[in-house]
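Numbering (the working numbering), first residue to last: 33 to 321.
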């Protein structure tokens, strides 16, 4: 599990580096990630904000197109960009569809035996990566950690965060999402993923990995921000209104769960980068508290 540094670039007085290592959680395959360390990391450990990318993406999309680093550098926050799935697992059918298999790990732990050795992105994100980075001695403070993402990664950020609250661990201080898949058990992308990866199918997915179902189970305070665009041609896959309704029914007010409808914006990184600063500052409120 030792890290190999593949590249490094100075960026906003900090450093953006790409690493790879052999992942046990992903079935002993090599995985890559990008890590931005702000300049103040030279003086001590800094808080960590994890970014989960969407379908067909890699560890590079958010790092190259998200527009997050300037504000993260100013706030003294590290940014971690994992990949979206295992790579090269050699499973029959993993490269057939763009919305299932490679590039589409859905940030869950597979229970279908065909996929369960390799497709464990939930454990990879929540356990393995923090352990590997801490073992490598990188100046990251995982007691101050938050998470955000886009589309499938927005689904991942919300469900990983809510799962940490429901388990009592409170591993993450806040979560935010751009155009997240909020109710995957009710839309084509999600039902395809749950039916394929999970032995219990959609029912198992709804119980464990559906933010709209999960938010109603959380009794304590939550810190969530969601942005989506009215011109998003994938809105039928996202259901942000259902998530907001479930949050309000559960008693989470506008301070705890804020869902913003952004007029005229689509599903792209043009939208993400427009509101990137808002999301970094949202998380800074909790990571620096």
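Built from N, CA and C at the ideal position, the CB exists for glycine as well.
Note that this is a predicted model, so its numbers are computed, not measured.
Suppose the cutoff is 6 Å on Cβ atoms and the five residues either side in sequence are ignored; what does the same chain contact list for residue i look like?
i: residue 101; result: 43, 44 and 68
i: residue 189; result: 84, 179, 180, 181, 207 and 209
i: residue 57; result: 152, 155, 156 and 160
i: residue 294; result: 259 and 261
i: residue 237; result: 217, 226 and 230
i: residue 271; result: 214 and 215
Sort the options by Cα distance to residue i and report the nearest one.
i: residue 228; options: 278, 132, 91 and 78; result: 132
i: residue 141; options: 257, 200, 191 and 246; result: 191
i: residue 269; options: 96, 251, 212 and 145; result: 212
i: residue 72; options: 205, 143 and 170; result: 170
i: residue 308; options: 46, 196 and 104; result: 104
i: residue 280; options: 305, 259, 251 and 93; result: 251
i: residue 285; options: 310, 267 and 248; result: 248
i: residue 166; options: 314, 194 and 34; result: 34
i: residue 256; options: 224, 237 and 312; result: 312
i: residue 316; options: 185, 109, 61 and 201; result: 109
i: residue 183; options: 54, 301, 40 and 150; result: 301
i: residue 220; options: 111, 168, 267 and 292; result: 267
i: residue 259; options: 314, 202 and 61; result: 314
i: residue 124; options: 145, 197, 231 and 201; result: 145
i: residue 147; options: 47, 237, 282 and 231; result: 231
i: residue 112; options: 128, 92 and 130; result: 92
i: residue 164; options: 127, 41 and 63; result: 63
i: residue 199; options: 158, 150 and 185; result: 158
i: residue 54; options: 106, 150, 129 and 41; result: 150
i: residue 60; options: 122, 107, 47 and 283; result: 122
Spatial neighbours of residue i within its chain, please: C-beta separation below 7 Å, excluding the five flanking residues on both sides.
i: residue 253; result: 288
i: residue 37; result: 49 and 51
Apart from the five residues just before and just after residue i, which ones in its own chain have a Cβ nearer than 8 Å to its Cβ?
i: residue 298; result: 261, 263, 264 and 265
i: residue 14; result: Outside the displayed span of the chain (33 to 321) sits residue 14, for which this structure offers no information.
i: residue 187; result: 138, 139, 181, 209, 212, 213, 214, 216, 222, 241 and 243
i: residue 41; result: 47, 48 and 49
Would you please state the rounded distance, in angstroms, between the beta carbons of residue i and residue j? I believe it to be under 8 Å.
i: residue 205; j: residue 318; result: 4 Å
i: residue 320; j: residue 162; result: That belief does not hold up - the Cβ atoms of residue 320 and residue 162 are roughly 19 Å apart, past 8 Å.
i: residue 194; j: residue 235; result: With 8 Å as the limit, residue 194 and residue 235 do not qualify as a contact, their Cβ atoms being about 18 Å apart.
Checklist entry - Is the number of C-beta pairs between the region 213-227 and the region 164-178 that are closer than 8 Å three or more? => result no
Item to check | Inter-stretch contact (C-beta, 8 Å, three-pair minimum) for the region 78-89 and the region 118-125 | outcome: no
Checklist entry - Is it true that the region 271-281 meets the region 59-67, where meeting means three or more beta-carbon pairs spaced less than 8 Å apart? => result no
Next on the checklist: Quick check for students: name the residue ranges of the alpha helix (DSSP H) that lie wholly in the region 229-277, counting only runs of 4 or more.
Outcome noted: 233-241, 243-247 and 267-270
Next on the checklist: For the structure I just gave you, are there three or more beta carbon pairs, one from the region 91-98 and one from the region 124-138, closer than 8 Å?
Outcome noted: no
Next on the checklist: For a minimum of 3 consecutive residues, which ranges assigned as the beta strand (DSSP E) are wholly contained in the region 183-232?
Outcome noted: 207-210
Checklist entry - Could you give the uninterrupted runs of the alpha helix (DSSP H) lying entirely in the region 52-97, keeping only those of 4 residues or more? => result 92-97
Item to check | beta strand (DSSP E) runs wholly inside the region 101-130, at least 3 long, in chain order | outcome: 110-114
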